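Reviewing the structure listed below.
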Amino acid sequence: MHFAYFLFLLTSLILSSNCNNSTIYETKYNEPLERRDVPLTYRLHSDLLKYYKKGTRPVIHPNKIISVTMSVFLYQIIKLDAVKNTISLSGSFEMYWKDDFLQWNPNDYDGATEIFLSSNDIWIPEFSLYYSHHFNQAVKLLSNNDVRVNYTGNVRYYLPYSTESLCKLDVKFFPFDIQQCTLLFGSWAHSNDSIKYALYSDHLSLIDFYDNQEWQLDSSHSNIISDSFLYDYLDPPLFWEMIIMDLVLIRQSFYYVFNLVIPSTIITLVAVIGFHTPSTSGKMRDAKFRLGIMTLMSMSVILLAIVEDMPKFSMSSSRKGRGSFSGIPLIGLYYFILLAIIGSSTVTTSMFVFLEKDLRRSNHIPWYLHWLSFDINIRFLRPIPSNDINKRLIVRNDSARLSPPAVLRGRFAMTPNLMTDYDDIEQVCNQSWEYLIDTIRNIETSVNAIRAEMMNLLPQDNLQTRWQRVIRRLEIISLSFYVLLIAVTVFLFFYHDWYCAIGHSPCGQANLKCPWMKTTPTHQTCF
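Adding 549 to a residue's 1-based position in the sequence shown gives its number in our numbering.
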């Protein structure tokens, strides 16, 4: 009984002590903010933003102009789309300005001179890309990065961006083109009487720049202009400060030359040579036509590989001339000439086959082809083979051996023997005369046989041989012409300054390739 009472008292004491401790804890940590020891950073942040309005310009006097100084960084040229006429790139802006409402005395905050604030809590200069490709999205460049604020009110804001801007690309000299893209940044609402921009340097910072596989950055420049676009009708007109970023890019043409130009040139050259090979049977003639069809199909496949990546015409041509011959890109004109060469060589081969099959059946060669049928080789200048010399000596000895004087001398040498057989001289003379006539006939027969044999040894110069000579020489002339035409086409493709004067516009980007033809931008064709 006493033990149970003792346990009850002990339990009551323990519970009462826990209740007292909880009351002390709640009293200590539920005190108002002013009663606690607040860190200096929290107190400074609270004091700066207590009456701050981020929707208004942070100036004490409403007519004061805010000067925004910035550095421009470029990280990468992501892509140039020649079909959409856009450029995609990434970079950053580092901005500095003074905020009159973000100043404090460091002595009041234990010597604190800097603080980091959220960019969503303070005023940020409106900064936009004017010619953005996606106006349905947020055009204003924003960043959720914190800003660094100095006790004097100087604000540092880091603004990275990755955007796609309109850029008038000129592919007249594709794949040797040079493009110049101009990007305009500024404010849509604040004119130069409220915000002015300044640059630390006219050159873009390329410290962290990554090269593009297709485009090489030739030069970069940035400056500030003041323009009264859209509001020049006001009196006085309003001017807007704009930051201009100029980029000059050179296309790396090795990929297109190695993978498109060289293979297509080799295909064309092999096809032309194959068309002009001598054909001795109908099967080889049919193979030529199959070769022509396969070559045209191969060129069509290669041409389709680049058509999707090119615009329909060059932007350097005048508006009235767009879509005409003057607006064809250089590589498109090159492929057109190669296809024309293959097509014309196919037609030429068909003509040669027609000549070989039909025209040579005629009894004469047309007068305009006579100069091709002559045998250029001069016979007396050709060396005589040793076998021919031996044959000619044998024929000469045989003819000398069978000549009539020798026969007669041999026959009359037998006259004394004949006199013993015949007493009548007249009879002997008649027999000798008949023998002489037979001998002459034998000699004539031998001479005719020798002549026929010699004719077989010499090259036959008949009509069929002359037709074959004409056709073969026509094929050689045609082959030389097409090979020379291919060589001239390749030369003009790589040395293409001549293309400047065709459909040239004085305000087009082709002036980058043809600076000697550049005129003032106020030229009437620029409007």
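C-beta atoms are modelled at their ideal positions from N, C-alpha and C, and glycine is treated no differently. Since the model is a prediction, treat every value here as computed from it, not as a measurement.
Residue i to residue j span [Cα, whole Å]
i	j	result
Y984	W1016	49 Å
V1032	E905	23 Å
Q728	A747	27 Å
G876	F650	58 Å
N693	L666	11 Å
D630	R1021	51 Å
T1042	P607	Reading off the sequence shown, one finds Phe at residue 1042, where the question assumed Thr. So the two alpha carbons sit approximately 60 Å from each other.
S750	S771	8 Å
G823	L840	8 Å
T662	N656	9 Å
K633	F725	19 Å
S677	Y883	42 Å
I989	V996	10 Å
Q625	G640	7 Å
S948	W982	Because the pLDDT at S948 is just 46, under 50, the model does not fix this residue reliably, and the value given afterwards should be weighed accordingly. If I take the Cα positions, the gap works out to 20 Å.
A1050	I815	29 Å
T701	D719	49 Å
P588	Y600	20 Å
F642	W1047	42 Å
P878	C730	19 Å
S637	K1062	23 Å
V810	D670	57 Å
S867	L598	Annotation note: pLDDT 48 at S867 (below 50); position unreliable, no value reported.
S899	I999	44 Å
T994	Q976	27 Å
L732	A836	57 Å
T1038	T895	18 Å
L853	S847	10 Å
I974	Q980	10 Å
M1003	F838	42 Å
Own chain partners of residue i with C-beta closer than 8 Å, once the 5 adjacent residues on each side are dropped
i	result
T605	W672
D596	W653
H594	I664 and L666
I615	R606, P607, V608, W646, K647, P674, S743, I744 and K745
D757	F622 and Y624
S736	P674, E675, F676, S677, I744, W789 and E790
P812	I851
Of the residues the options, the one placed nearest residue i, counting alpha carbons only
i	options	result
V704	V896, Q652, T712 and S899	Q652
I914	Q1013, R839, V698 and Y600	Q1013
I1035	Y600, T897 and I890	I890
K717	W737, Y680, L708 and D695	Y680
F901	C1049, I756 and R1018	R1018
V698	L888, W737 and W646	W646
F1040	E1024, Y700, I886 and I614	I886
F734	I756, T844 and I773	I773
G881	R1000, Q976, S849 and C730	S849
Y658	D648, I614 and Y591	Y591
Y917	K837, F903 and L1023	L1023
S768	I756, H752 and D757	H752
L888	C978, L598 and M843	M843
S714	K1062, K628, N808 and V797	K628
S754	L796, T1038, F838 and A836	L796
S893	L845, L921 and A854	L845
I855	T1038, N808 and V1037	N808
P827	C978, V1037 and I1025	I1025
Y1044	F722, K602, P709 and L732	F722
Neighbourhood of residue i by C-beta distance below 7 Å, restricted to the same chain and skipping five residues each side
i	result
H739	E675
S711	S639
T1085	Residue 1085 falls outside the range modelled here, since the chain spans only 550 to 1076, and no answer is possible.
P709	S641 and S692
K603	D670, I671 and W672
Own chain partners of residue i with C-beta closer than 6 Å, once the 5 adjacent residues on each side are dropped
i	result
N936	Reliability of the predicted coordinates at N936 is poor, the pLDDT of 49 falling under 50, and the value obtained from them is presented with this limitation in mind. Taken in chain order, the list of residues that qualify is empty.
V696	L666, S668, V704 and Y706
L1028	H825
M644	V617, M619 and Y706
Y805	P724
D987	none
K613	none
Chain B contact for residue i (CB, 7 Å cutoff)
i	result
K628	Structure shown: chain B not included; a single protein chain is present.
Check: residue i C-beta below 6 Å from any heavy atom of the ligand ZN
i	result
T605	Annotation note on the ligand ZN: not contained in the displayed structure, which lists no ligands.
*asked:* Could you check whether the region 791-801 touches the region 614-626, counting it as contact only if at least three pairs of C-beta atoms, one from each stretch, sit closer than 8 Å?
replied: yes
*Are the region 800-815 and the region 761-772 touching, with three or more C-beta to C-beta distances below 8 Å?*
yes
_Segment contact, 8 Å Cβ cut-off, at least three pairs: the region 816-829 with the region 734-748_ = no
*Going along the chain, which unbroken runs of the beta strand (DSSP E) with 3 or more residues stay wholly within the region 755-817?*
764-776 and 789-800
*Could you name each continuous beta strand (DSSP E) segment of 3 residues or more that falls completely within the region 717-759, going from the start of the chain to the end?*
727-735 and 744-748
*asked:* As an exercise, report each continuous alpha helix (DSSP H) stretch of at least 4 residues that is fully enclosed by the region 583-613, in chain order.
replied: 589-598
_Every unbroken alpha helix (DSSP H) inside the region 982-1047 [4 residues or more]_ = 1012-1043
*Whole beta strand (DSSP E) elements within the region 625-699, 3-residue minimum*: 635-647, 663-667 and 695-699
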